[in-house]
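K.L.:
Going by the UniProt record's numbering, the sequence shown runs without a break in its numbering and finishes at 445.
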Amino acid sequence: MKHTAKESLGKMFSAGTSYYGGLVQSHAPSGDCDCYGKQLGDRVSTFNRALQMMRSSGVNITRHACLYETAPAYVTDQPRFLNSAVRGTTRLGPHELLKKLKEIEKDIGRTGGIRYGLRPIDLDILLYGNSQIDSETFIVPHERIHERPFVLAPLVDLLGTSSDDGIEKSWHSLSKCDGSFFELWNKLTCRTLVMGILNVTPDSFSDGGKFQQVEAAISQAKLLISQGSDIIDIGSQPTRPFAKRLSPNEELERLIPVLDELLSVDTFYAEVATEAVKRGVHMTNDVSGGQLDPRILKVVAELRVPYVVMHMRGDPSTMQSDENLQYDDLRSEIGSELSAKRIIVDPGIGFSKKSGDNLEVIAGLKSIRREMGKTSTGASHVPILLGPSRKSFLREICDSANPADLDAATAVAATIGILNGANIVRVHNAGYCADALHKRRRWEN
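(1) Using a Cβ-Cβ cut-off of 6 Å (strictly less than) and excluding sequence neighbours within five positions of A270, which residues of its own chain qualify?
(2) Is there contact here, the region 61–77 with the region 91–109, by at least three beta-carbon pairs under 8 Å?
(3) Going by DSSP, which residues form a beta bridge with R63?
(4) Could you name the residues of the same chain whose beta carbon sits closer than 6 Å to that of I418, not counting the 5 residues immediately before and after it, in chain order?
(5) If you compare alpha carbons, which of V156, L126, L255 is closest to E143?
(6) Between the region 279–287 and the region 353–362, can you find at least three pairs of beta-carbon atoms closer than 8 Å?
(7) With which residues is I139 paired in a DSSP beta bridge?
(8) Rounded to the nearest angstrom, what separates R254 and A221 at their Cα positions?
(9) Taking a contact to mean a Cβ-Cβ separation below 8 Å, would you say D286 touches T274 in this structure?
(10) Does DSSP put L158 in a helix, a strand or coil?
(11) In chain order, what residues of the same chain lie with their CB nearer than 7 Å to the CB of I397, ignoring the 5 residues before and after it?
(12) Identify which residue in S352, A404, D346 has its Cα closest to the Cα of R369.
(13) Taking the straight line between their C-alpha atoms, what separation do you get for Q227 and K244?
(14) From which residue to which residue does the alpha helix (DSSP H) around N358 run?
(15) Closest to A217 by CA distance: which of I225, S229, V200, K102 is it?
(16) Which residues does DSSP list as the beta-bridge partners of T70?
(17) Short check: CB of V214 to CB of V258, under 8 Å?
(18) Measure the CB-CB distance between Q421 and I384 and report whether it falls below 8 Å.
(19) Exposed or buried, S352, counting other C-beta atoms within 10 Å across all chains shown (16 or more means buried)?
(20) CB A413 to CB L394, shorter than 8 Å?
(21) Could you spell out where the beta strand (DSSP E) holding D233 opens and where it closes?
(22) Kindly identify the DSSP beta-bridge partner or partners of V425.
(23) Determine the closest residue to R80 out of E69, V86, S135, S389, with distance taken between C-alpha atoms.
(24) Between Y432 and D407, which are expected to be in contact by the criterion C-beta below 8 Å, what is the C-beta distance as a whole number of angstroms?
(25) Measuring only the C-alpha atoms, how far is R110 from H95?
(26) How many angstroms separate the CA atom of V67 from the CA atom of S84?
(27) So, T89 versus N60, is the Cβ gap smaller than 8 Å?
(28) Find out if the Cβ-Cβ distance for the pair I145, A50 is shorter than 8 Å.
(29) Where does the unbroken alpha helix (DSSP H) through G109 begin, and where does it stop?
(30) With a threshold of 16 other CB atoms inside 10 Å of the CB of Q326, please say whether the residue is buried or exposed.
(31) Where P403 and G350 are concerned, what is the direct C-alpha to C-alpha distance, given to the nearest angstrom?
(32) Please name the residue in I424, E250, A379, H381 whose C-alpha comes closest to that of P202.
(33) Which residues in the same chain as Q132 place their Cβ atom closer than 8 Å to its Cβ, once the five residues preceding and following it in sequence are excluded?
(34) Cα-Cα, which of P154, S229, M54, S45 is closest to A436?
(35) Secondary structure at I121, three-state DSSP: helix, strand or coil?
(36) By how many angstroms is the C-alpha of S219 removed from the C-alpha of I256?
Below, the structure is given as structure tokens:
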């Protein structure tokens, strides 16, 4: 039996799951902002505060959607919105819950004003279990769900493995259609970010020893930013094949002097992540995906910073062993071994992969996304970070022993990855890669 888009969406969002579905929406701060990161960070802080107040008010939040930045609707002469949704349970009745949400809005600073106009936070009840409410105060399900992509996208993220097969099939079938919500959903976050690599190690395979001194590290960070880096990834733990692991104290001795001057940090230790965030780091990049120090998962959740989880088997000293290089279905196994709830995922180019495997990963990011989507519908939409820069598989292809000669090949690999769905590319020569991406964007436009 065929369903129209409206029928399928109606079925999806009236499915018998007992939960409160809420939209959390925030504006960019008013006034001038000197960088995108600060602008985003202020709004995310507002989100975190609202969510904490919701928990304190009796809402047990069980699932978070992705964040979506969109142009304002209805009243267009105002800053861009950041949108998301949460799923949870509560003993509060719908009217009690709405009252609590409005109190939270007021406490955060929302006052009266133009409808759809500028406000720091906007909390709505989208769904309340299977209830249908039509009162003078509000309507549930929210009457404008179907016409707002910035509401539908996070709602879809909240679907888990508990939804029935018919809903999943309807969604995936409709998502292939051109136009309307489904096309917009895929374009809500479309700009690829460049992550510049800053290694403060003496033995990195590409630039070991060049940036150990604080002055040299700061100069390189400034260069990476001037070349177009959106993120600076600082690493002080060697992760090349067969590298010896440093202790947390040894890693901090290398890292802290640079952090005190600069700022994502590349670590798998909870202690290092904690100290780094205290010094202003905005993101933690963990090559072990929580395997080498499971405490880091709890720590980054408490610190409320973005977390990159990378696919790797074993650790740097064992990742290239025969056991860790065996795959029956490479793309499927990488997708199933990556956890979607960690915000940003990295398939781990060069980590527990043979040369041919790396090429398959870059070309197969869409397949990896689909496999991750089996965890939840929204998992297939998490950001993917790709790090092919100057890796050994490129040296083999280009027959070159000099890492600096591989920047053109890196840009090609990054572009192929982006065409297959990568959202962030991690590179040594940010200028070369940013130039390639900018030209690609002009060509697309």
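Quick reminder that beta carbons are idealized off the backbone N, C-alpha and C, glycines included. As the structure is a prediction and not an experimental result, all values here were calculated from the model.
P.N.:
Straight from the coordinates:
(1) D293, R295, I296, V299
(2) no
(3) R87
(4) T192
(5) L126
(6) no
(7) D134
(8) 16 Å
(9) no
(10) coil
(11) A409
(12) D346
(13) 32 Å
(14) 355–363
(15) V200
(16) F81
(17) yes
(18) Reading off the sequence shown, one finds Gly at residue 421, where the question assumed Gln. Yes, the Cβ-Cβ distance between G421 and I384 is below 8 Å.
(19) buried
(20) yes
(21) 231–235
(22) V194, L386
(23) E69
(24) 5 Å
(25) 19 Å
(26) The sequence given here has Leu at residue 67, not Val. About 5 Å.
(27) yes
(28) no
(29) Here G109 belongs to no alpha helix (DSSP H), and DSSP marks it neither H nor E.
(30) exposed
(31) 14 Å
(32) E250
(33) V140, P141
(34) S229
(35) coil
(36) 16 Å
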